[in-house]
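One structure is given below, encoded as structure tokens.
Here is the structure:
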């Protein structure tokens with residue numbers, strides 16, 4: 001395998017890492033759950049907490065995929081499955097506020113679904129690249 005192929009194999013990991021950082025940080029700030037006037041929080045707070053956990057998991061998986069070359073295929077599969085969890089978390093696995101105009105439904109849910117869907121696509125592409133490169137090596 002050439003150096004260019006090895007460098008190309010890092011691109012999905014870098015993409016996942018960057019998107020996961022945006023999701024993890026965003027779920028607690030600019031893409032986060034509703035903030036109530038009384039300082040309390042609703043059901044959507046727990047969805048944001050789950051998205052933080054899944055985002056941190058994605059960061060760890062992407063970082064390991066960048067470091068450990070031999071385990072890269074398995075780490076991309078784990079990142080794909082974790083991204084599917086992130087897609088299902090807001091509103092499906094974890095409750096959100098009832099009104100569609102609330103911040104969690106209008107901003108957090110669609111943005112997190114898009115971020116984690118892009119991570120899933122990058123993980124799938126990374127896994128396919130690893131598989132293709134292993135086939136050329138034999």
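In my numbering, the protein residues as written are 1 to 138. We put the beta carbon where it would ideally sit given N, CA and C, even for glycine.
* Asked: Does the beta carbon of residue 27 fall short of 7 Å from some heavy atom of the ligand FAD?
  -> For the ligand FAD, the structure offers nothing, since it holds no ligand at all.
* **Unbroken alpha helix (DSSP H) run spanning residue 58, endpoints** => Residue 58 -> alpha helix (DSSP H) spans 44-67.
* Asked: Do the region 7-14 and the region 104-116 meet, that is, are 3 or more Cβ pairs less than 8 Å apart?
  -> Judged by Cβ distances under 8 Å, the region 7-14 makes no contact with the region 104-116, as fewer than three pairs qualify.
* Asked: Since residue 94 sits in a beta bridge, which residues does DSSP pair it with?
  -> For residue 94, which the question treats as bridged, DSSP gives the partners 90.
* How would you write the range of the alpha helix (DSSP H) that residue 26 sits in, first residue to last? -> Here the alpha helix (DSSP H) through residue 26 covers 11-26.
* Report yes or no: do three or more beta-carbon pairs, one from the region 115-130 and one from the region 67-79, lie closer than 8 Å? => They touch, by the three-pair rule.
* By a C-beta neighbour count over all protein chains shown, 10 Å radius and 16 as the cutoff for buried, is residue 68 buried or exposed? -> So residue 68 counts as exposed.
* Asked: Apart from the five residues on each side of it in sequence, which residues of its chain come closer than 7 Å, Cβ to Cβ, to residue 94?
  -> For residue 94, where only same-chain residues beyond five positions count, the Cβ hits under 7 Å are 46, 47 and 50.
* By how many angstroms is the C-alpha of residue 135 removed from the C-alpha of residue 24? -> The straight-line gap from Cα to Cα measures roughly 35 Å.
* Inter-stretch contact at 8 Å, needing at least 3 Cβ pairs: the region 25-45 / the region 86-104 -> Counting C-beta pairs with one atom in each stretch, the region 25-45 and the region 86-104 have three or more that are closer than 8 Å, which means they touch.
* To do: Can you say whether residue 55 is buried or exposed, counting buried as having 16 or more other CB atoms within 10 angstroms of its CB?
  => Taking every protein chain shown into account, the CB of residue 55 has 16 or more other CB atoms within 10 angstroms, so this residue is buried.
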